[in-house]
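Plus 3 on top of the position in the sequence shown (first one is 1) and you've got my numbering.
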Amino acid sequence: MIAKARIFMDAGTVSRERLDQKRRTRAAILAGARDLMERGEPVTVAQAAKVAGVSKATAYRYFTDPATLTAEAGLAARVATYEEIVAGAEGLRARLLAITLYFFDYPCDNEVAFRQFLARYLDAWLADRKSADRGARRAVMFERALREDGNVPPPAWPAIVNALTLVTGAEAMITLFDIAHLDRAGARATVRATAEALIEHHLGAAQAG
């Protein structure tokens, strides 16, 4: 039993390391694209890869369309840091809620740019019918809050992160604006109430377990 548990722990560690490496590589490519933009040079996947110091083949596994790369690089550059987002939030519940609301407010503040980005992203998907990874910045921050708190067992993290990821971001904005026909205040209140309920449910279940 101990040996089997060790295998699962090792597998989880390897999976986490691979995911973290993918995120670092993706961030490096986006940084390369921003560097090109700041220098006033055309952004291509190959050039962004060269600036980032990764192979062109690797870069094309993350981005196939330079327009999508450019759009995401521009949006990612303005995202606040984790420390800025959770400043003043005391306790895990407050930090998770702060992250949720920030990643709803941010696309609302940049609605046109986010809609354009999602349109390019979907066009790129239609071109090769392959689902490309997104930045997952909100998921990374949710995980960091859970890790820093230290009171929620790691096996419970995915359910919490996935639930909160679902109720925020540009996707939630579009659903609440276009389908539910809410104004921004009503949409934000819905996100807050849903997130609070999910946080209470998942943290209560994790701590009870």
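All C-beta atoms, glycine included, are put in the ideal place defined by N, C-alpha and C.
Please report the straight-line C-alpha distance between A173 and N113, rounded to a whole angstrom. C-alpha separation (whole angstroms): 10 Å.
From T73 to F106, what does the alpha carbon distance come to, in whole angstroms? Straight-line spacing of the CA atoms in T73 and F106 works out to 20 Å.
Looking at A76 and A55, is the spacing between their C-beta atoms short of 7 Å? Not a contact, by the Cβ cut-off of 7 Å.
Rounded C-beta distance between L201 and A166? I'm assuming under 8 Å. That belief holds up - the Cβ atoms of L201 and A166 are roughly 5 Å apart, short of 8 Å.
L206 - DSSP class collapsed to helix/strand/coil: Here L206 sits in helix by DSSP.
Residue closest to M176, alpha-carbon to alpha-carbon, out of P161, A162, A192: The residue with the shortest Cα to Cα distance from M176 is A192.
With a 10 Å radius around its C-beta and 16 neighbouring C-beta atoms as the bar for buried, classify Y63 as buried or exposed. Exposed: under 16 other Cβ atoms inside 10 Å.
DSSP three-state assignment for V89, whether helix, strand or coil: When DSSP states are grouped into helix, strand and coil, V89 belongs to the helix group.
In this structure, how does DSSP classify A14 when only helix, strand and coil are distinguished? With a pLDDT of 48 at A14, under the threshold of 50, the predicted position of this residue should be treated as unreliable, though the coordinate-derived value follows. Three-state DSSP puts A14 in a helix.
How would you write the range of the alpha helix (DSSP H) that D126 sits in, first residue to last? D126 -> alpha helix (DSSP H) spans 114 to 131.
Could you give the first and the last residue of the continuous alpha helix (DSSP H) run that contains I177? Where I177 is concerned, the enclosing alpha helix (DSSP H) stretches over 172 to 177.
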